[in-house]
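**Q** Numbering (the working numbering), first residue to last: 40 to 407. Every residue, glycine too, gets a C-beta built ideally from N, C-alpha and C.
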């Protein structure tokens, strides 16, 4: 332990000696630095003295520059407000035009398109009705043709049967006439005996002829009734179909005319809306062009004003640079126009700070 403490004491003494040497070196360095600072402070004081002579000139020039910059700032703010006002007015005008003109026009166009769509749907419905009417007409005419064919066949068959019966009746009449002639010749020979028989046969023959005639008359009446019934039915069907066709055609024509009138009115309204929309768009384009011309003129005028102020500022800066005097040591003071307030005397600062730093050195040394 004693050896360790001795060793530690030796190390502490060596370290203290080193620190004393370092502090001595620092003290010498600080003393030399203080001398250099004193010389620098003396040079700076001479420079500050030279700056004091141009302080008034710099202040006046900077005041002018400051006033010019303030005026330019005011002009820029006014330009900004003017442009914002113009933009707001333009936006309001556009919204007014769009909301008051274009939007209703587009809405009307949409409604007219919807009406045209409904009109086309009605046209499709009318086309379907015409197709159904065509199908019904074709079916009716097929049935009518079939009925006419059946009527023709029935009439042909009845007339053929009637013709056959008429031929048979003619033949029987001829036979009866021949028989009657024969009987008359026989009556001549035997007048008395055959007179009664001839009378009976004649009555019988003519009764048969009358019966055949009555039967033929019944057949003809039946055929006539059948023809009248069937033809009446066909006529009634044709008349009813004609009435339905006329009613359908009349309704179809009326609906087509109404559709055409509505389409014509819709087209005229659409043309009017389109013309109005085009006129408003043209007016909007003219207003926009006028606004653009006015805005360009305003911006050009404001830009020229700003450029004039900037040129005046540049001229003032150049004049300030040309009027700046030289320092005592022959150095051109180019940055005199950029400084408004003169720098504080550095010698006083260093004289206040350097003794404090030097006064701290013994305390630090003693503490260590």
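On the CB-based measure, 16 or more other CB atoms within 10 Å of its CB, does residue 101 come out buried or exposed?
**A** By 1-based counting over the chain shown, the position of residue 101 is 62. Classification of residue 101: buried, given that the 10 Å Cβ count is 16 or more.
**Q** Just tell me which of 283, 358 and 217 has its CA closest to the CA of residue 169.
**A** Your numbering for residue 169 matches position 130 in the chain shown. The residue with the shortest Cα to Cα distance from residue 169 is 283.
**Q** Tell me whether the beta-carbon of residue 265 lies closer than 8 Å to the beta-carbon of residue 193.
**A** Reading the chain shown from its first residue, position 226 is the one you call residue 265. Reading the chain shown from its first residue, position 154 is the one you call residue 193. Yes, these two residues count as a Cβ contact at 8 Å.
**Q** Output needed for residue 323: all residues of its chain with C-beta closer than 6 Å, excluding positions within five of it in sequence on either side, in chain order.
**A** To locate residue 323, count along the chain shown from 1; it is residue 284. The answer, listed in chain order, is 136.
**Q** Confirm, please, whether the CB-CB distance from residue 151 to residue 305 is below 8 Å.
**A** In the chain shown, counting from the first residue as 1, residue 305 sits at position 266. In the chain shown, counting from the first residue as 1, residue 151 sits at position 112. Yes, Cβ-Cβ distance for residue 305 and residue 151 is below 8 Å.
**Q** Would you grab the beta carbon distance between residue 330 and residue 162 for me? Rounded to a whole angstrom, and I think it's under 8 Å.
**A** Here residue 330 is taken as the residue at index 291 of the chain shown, counted from 1. Here residue 162 is taken as the residue at index 123 of the chain shown, counted from 1. Not confirmed; about 47 Å, so no contact.
**Q** CB-CB under 7 Å to residue 55, same chain, minus the five flanking residues each way: which ones, in chain order?
**A** Taking the first residue of the chain shown as position 1, residue 55 is located at position 16. Closer than 7 Å at the Cβ level, and outside the excluded window around residue 55, lies no residue.
**Q** Could you name the residues of the same chain whose beta carbon sits closer than 8 Å to that of residue 349, not counting the 5 residues immediately before and after it, in chain order?
**A** Position 310 of the chain shown, counted from the start, is the residue given in the question as residue 349. Counting only Cβ-Cβ distances below 8 Å, and skipping sequence neighbours, we find 111.
**Q** Taking residue 187 as the reference, which of 270, 146, 176 and 60 has the closest Cα?
**A** Translated into the one-based positions of the chain shown, residue 187 becomes position 148. Of the candidates 270, 146, 176 and 60, the one whose C-alpha sits nearest the C-alpha of residue 187 is 270.
**Q** Ordered along the chain, which non-local residues of its own chain (more than five positions away) have a Cβ less than 8 Å from that of residue 74?
**A** By one-based count along the chain shown, residue 74 stands at place 35. There are no such residues.
**Q** From residue 147 to residue 141, what does the alpha carbon distance come to, in whole angstroms?
**A** Within the chain shown, numbered from 1, the residue matching residue 147 stands at position 108. Within the chain shown, numbered from 1, the residue matching residue 141 stands at position 102. Each residue's alpha carbon lies about 10 Å from the other.
**Q** Between 337, 208, 82 and 224, which has its C-alpha nearest residue 124's C-alpha?
**A** The residue given as residue 124 occupies position 85 in the chain shown. The shortest Cα separation from residue 124 among 337, 208, 82 and 224 belongs to 337.
**Q** Would you report the Cα separation of residue 291 and residue 301, rounded to the nearest angstrom?
**A** For the purposes of this step, residue 291 is identified with residue 252 of the chain shown, where counting begins at 1. For the purposes of this step, residue 301 is identified with residue 262 of the chain shown, where counting begins at 1. Their backbone Cα atoms lie some 15 Å apart in a straight line.
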